[in-house]
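This note's numbering puts the first residue of the sequence shown at 16, with every later residue one more than the last.
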Amino acid sequence: MPMSESFQQRLFPNLEKIASHYGTPFHIYDEAGIRETGETLKKAFSGIDGFREYFAVKALPNLRILELCRDLGFGFDCSSIPELIMSRQVGGRGDDIMFTSNNTAPEEFEAAAAEGGCILNLDDISLIPKVPKFPEMICFRYNPGPRRTGNVIIGHPEEAKYGVSHDQIVDAYRQAMARGAKRFGLHTMVASNERDYTYIVQTAVMLLELVEMIGRELDIRFEFVNIGGGLGIPYRPEDKGLDLTSMAREITALFNSFKAKNGYAPKMYMESGRFITGPHGALVTTAINHKDIYRKYIGVDACMSSLMRPALYGAYHHISVPNKENLPKSEVYDVVGSLCENNDKFAVQRELPPIAEGDLVVMHDTGAHGHAMGFQYNGRLRPKELMLRTDGSVELIRRAETVEDYLATQNFQADKIKI
Ligand SMILES: *Cc1c(COP(=O)(O)O)cnc(C)c1O
16 MPMSESFQQR
26 LFPNLEKIAS
36 HYGTPFHIYD
46 EAGIRETGET
56 LKKAFSGIDG
66 FREYFAVKAL
76 PNLRILELCR
86 DLGFGFDCSS
96 IPELIMSRQV
106 GGRGDDIMFT
116 SNNTAPEEFE
126 AAAAEGGCIL
136 NLDDISLIPK
146 VPKFPEMICF
156 RYNPGPRRTG
166 NVIIGHPEEA
176 KYGVSHDQIV
186 DAYRQAMARG
196 AKRFGLHTMV
206 ASNERDYTYI
216 VQTAVMLLEL
226 VEMIGRELDI
236 RFEFVNIGGG
246 LGIPYRPEDK
256 GLDLTSMARE
266 ITALFNSFKA
276 KNGYAPKMYM
286 ESGRFITGPH
296 GALVTTAINH
306 KDIYRKYIGV
316 DACMSSLMRP
326 ALYGAYHHIS
336 VPNKENLPKS
346 EVYDVVGSLC
356 ENNDKFAVQR
366 ELPPIAEGDL
376 VVMHDTGAHG
386 HAMGFQYNGR
396 LRPKELMLRT
406 DGSVELIRRA
416 ETVEDYLATQ
426 NFQADKIKI
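Right under this line is the structure:
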């Protein structure tokens, strides 16, 4: 089921009130749902010593959300300087932060090392000499190449720009040791929105085999393996959710047999974004226009600047019209934004109840890679974000962008040089 049922039950009866106070469009997130999913994940993996989720900040980079993650005991998965700064702003220090950049710039290494540092996850063997102060703890991102066929979104690892190749991986740790590394981690990220849990179990198998192999070659032990993110959520009503229980049971068994065989086991880290917050967010819009040409269109007051996934990947986001829930889905609409791009459509040929101007139209499952992916093309600005708190209050956690924000990067004293 898209969008948690309990979120829907708490949100929809209050939606008119929230919308009339704050104005649409907005994304709204469910604190209770995020906390519950976080606790469920921790409980599922409680059989693995030192299990930790590093929330993928890029999925929902909002300080209030990162505070929730901190309260849950999560670390932070960052891949840019602003993400590092945000994670530190909510208290992340040292091993609380994993920095997984790619095509890394010198100033990013500096930012990673600043303020107590973080776990540095290097994307390539060529970066080893470029790290200014080589940390004691080092991790590499592994790209299995043709050893794994990618999942649908990520595609084939062989074609992916990320990570260290199989043939270079032992050498990468050898060179890191030569630069003084003493603590080791191994990371990969080979799935995206994967609901087949066995694929993720296979990733754990792959990493544990690799840890054995590298450990043997170099006589080292690994402190952790990070199986990446990419746990899927059901976007369509007919989609089945990821079987977290079976996944955790099978992965826990793998770690237990590793321990029996090797006399120790690394800790397991994970860096989910979508799975933690995706179903606990919704984009609330108002229908402002309808037109009837070759197709029927409903124009809402948000556009792809608020939610890129449908335009970018043809992704499905379920749509509800809360005040028409009891009516049959007798109409077929394209639900569109106002951008001058024909792919600015939240839904294409979707069966929906008859929608009138003024109706609230809700896109489900926008809690991850929703607002975060927004952009300003065509002068269409990003909307506000709200949080439905566990005490039943609603809080503005990011204001909407303004024209002043949009122009801020152009309004300054001219900086000219003569050439
Ligand atoms: C995007 C990303 C994630 C999170 O992906 P989800 O699909 O949201 O779980 C984790 N790790 C890395 C390196 C990423 O780039």
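All C-beta atoms, glycine included, are put in the ideal place defined by N, C-alpha and C.
Next item on the list: On a CA-only basis, which of Asp-234, Arg-397, Glu-209 is nearest Gly-288? Give me that one, please.
Entry: As a working mapping, residue 288 is identified with position 273 in the sequence shown. Each of Asp-234, Arg-397, Glu-209 was checked against the Cα of Gly-288, and the nearest Cα belongs to Glu-209.
Notebook entry, point to check: What do you reckon, are the CB atoms on Asp-258 and Tyr-214 nearer than 8 Å?
Noted result: Looking up residue 258 in the sequence shown gives position 243. Looking up residue 214 in the sequence shown gives position 199. Taking 8 Å as the Cβ cut-off, Asp-258 and Tyr-214 do not qualify as a contacting pair.
Next item on the list: With DSSP as the reference, label Ile-313 as helix, strand or coil.
Entry: Taking the first residue of the sequence shown as position 1, residue 313 is located at position 298. Here Ile-313 sits in strand by DSSP.
Check: Expressed to the nearest angstrom, what Euclidean distance is found between the alpha-carbon atoms of Gly-163 and Asn-341?
Finding: Here residue 163 corresponds to residue number 148 of the sequence shown, with the count starting at 1. Here residue 341 corresponds to residue number 326 of the sequence shown, with the count starting at 1. Correcting the residue identity first, residue 163 is Arg in this sequence and not Gly. Arg-163 and Asn-341 have their C-alpha atoms some 46 Å from each other.
Note to self: Please classify Asp-110 as buried or exposed, where buried requires at least 16 other C-beta atoms within 10 Å of its C-beta.
What the structure shows: For the purposes of this step, residue 110 is taken as residue 95 along the sequence shown, with counting starting at 1. So Asp-110 counts as buried.
Notebook entry, point to check: Buried or exposed: where does Pro-28 fall if 16 or more other Cβ atoms within 10 Å of its Cβ makes it buried?
Noted result: Within the sequence shown, residue 28 is the residue found at index 13, counting from 1. Exposed, since its Cβ has fewer than 16 Cβ neighbours within 10 Å.
Margin query: Let me confirm a value: His-384 is counted as buried when at least 16 other C-beta atoms fall within 10 Å, else exposed. Which label applies?
Written below: The residue labelled residue 384 in the question sits at position 369 within the sequence shown. With 16 or more Cβ atoms within 10 Å of its Cβ, His-384 is classed as buried.
Next item on the list: Kindly indicate which three-state DSSP category Asn-341 falls into: helix, strand or coil?
Entry: Numbered from 1 along the sequence shown, position 326 holds the residue referred to as residue 341. Asn-341: coil per DSSP, three-state reduction.
Notebook entry, point to check: How far does the beta strand (DSSP E) with His-14 in it reach, from first residue to last?
Noted result: In the structure as shown, the chain starts at 16 and stops at 434, and residue 14 therefore has no counterpart that could be examined.
Notebook entry, point to check: By Cβ distance below 7 Å, which residues in the same chain neighbour Ala-317 in space, the five residues on each side in sequence not counted?
Noted result: Reading the sequence shown from its first residue, position 302 is the one you call residue 317. Apart from the 5 residues on each side of it in sequence, Ala-317 sits with its Cβ closer than 7 Å to the Cβ of Pro-40, Leu-298, Thr-300, Gly-352, Pro-398 in its chain, given in chain order.
Margin query: Using the three-state DSSP reduction, which class does Val-351 fall into: helix, strand or coil?
Written below: Sequence index remark: in the sequence shown, residue 351 carries index 336 (1-based). In the displayed model, Val-351 falls within a strand according to three-state DSSP.
Margin query: If we require 3 or more residues per run, which beta strand (DSSP E) segments fall completely within the region 33-93?
Written below: 41-45, 67-71, 90-93, all fully within the region 33-93.
Note to self: According to DSSP, simplified to helix, strand and coil, what is Ala-175?
What the structure shows: On the sequence shown, position 160 is the one that residue 175 refers to. Note: Ala-175 maps to coil in three-state DSSP.
Next item on the list: List the endpoints of the continuous beta strand (DSSP E) containing Phe-239.
Entry: In the sequence shown, residue 239 corresponds to position 224, counting from 1. That run of the beta strand (DSSP E) goes 239-241.
Check: What's the C-alpha gap between Leu-99 and Phe-114?
Finding: What you label residue 99 is simply residue 84 of the sequence shown in a count that begins at 1. What you label residue 114 is simply residue 99 of the sequence shown in a count that begins at 1. Straight across, the Cα-Cα distance linking Leu-99 with Phe-114 is about 8 Å.
Check: Can you list the beta strand (DSSP E) stretches of 3 or more residues lying completely in the region 369-410, in chain order?
Finding: Counting whole runs of 3 or more residues, the region 369-410 contains the beta strand (DSSP E) stretches 375-379, 399-403.
Next item on the list: Please state if the CB of Arg-79 and the CB of Met-388 are separated by a distance shorter than 8 Å.
Entry: On the sequence shown, position 373 is the one that residue 388 refers to. On the sequence shown, position 64 is the one that residue 79 refers to. The criterion of a C-beta distance shorter than 8 Å is not satisfied by Met-388 and Arg-79.
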